[in-house]
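Colleague: At position 9 of the sequence shown the residue is numbered 145 (my numbering), and the sequence of numbers has no breaks. Heads up, the beta-carbon is just placed ideally off N, CA and C, and yes, glycines get one too. These figures come from a predicted structure and were not determined experimentally. Here's a structure for you.
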Amino acid sequence: MAQTDGERALERALGELGQREVAGPRANPRIVEYLAGRGDLPIWRRAGGDPRHGGPGHVGRLEVEADAAGAVTSVEGNHDNQVARVKHSTHEPDLVGWIARS
Numbered sequence: 137m138a139q140t141d142g143e144r145a146l147e148r149a150l151g152e153l154g155q156r157e158v159a160g161p162r163a164n165p166r167i168v169e170y171l172a173g174r175g176d177l178p179i180w181r182r183a184g185g186d187p188r189h190g191g192p193g194h195v196g197r198l199e200v201e202a203d204a205a206g207a208v209t210s211v212e213g214n215h216d217n218q219v220a221r222v223k224h225s226t227h228e229p230d231l232v233g234w235i236a237r238s
């Protein structure tokens, strides 16, 4: 089955993770914290996989920068089979890194 334009774009973006990823504290304990900003893309593990190693992952886009407690709101396209604003914490164990908005 041929890939859609969206699938090809996602594949290209995930291929760039190793080049532009900002590792989260669980990925590299020497990084204390990344101050996430509006437009950044948080990357989570999904279904027990890790997208940094070819497994399934999930991505959102931040609407606002993280507050002092690490609370963020992201827009996600496949949350409960719909587009939704979802509240998260930057301290979630499945958050593995960020693609920083350039």
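Distance, Cα to Cα, residue 176 vs residue 184?
Modeller: Distance between the alpha carbons of residue 176 and residue 184: 23 Å.
Colleague: So residue 232 is in the beta strand (DSSP E); what residue range does that whole segment cover?
Modeller: It spans 231–235 - the beta strand (DSSP E) in which residue 232 sits, taken as one unbroken run.
Colleague: Can you tell which of 179, 228, 171 and 217 has the C-alpha that lies nearest to the C-alpha of residue 197?
Modeller: Comparing Cα-Cα distances from residue 197 to each of 179, 228, 171 and 217, the minimum goes to 179.
Colleague: Residues bridged to residue 228 by DSSP?
Modeller: Looking at the DSSP assignment, residue 228 forms no beta bridge with any residue, so it has no partner.
Colleague: So, with DSSP's three-state summary, where would you put residue 188?
Modeller: The answer is helix: DSSP assigns residue 188 an H, G or I state.
Colleague: Could you tell me which of 221, 194, 216 and 201 sits nearest to residue 230, measuring between CA atoms?
Modeller: Nearest C-alpha to residue 230: 194.
Colleague: Nearest by alpha-carbon distance to residue 225: which of 236, 235 and 202 is it?
Modeller: The option with the nearest alpha carbon to residue 225 is 202.
Colleague: Under 7 Å between the Cβ atoms of residue 232 and residue 181?
Modeller: Closer than 7 Å, so yes.
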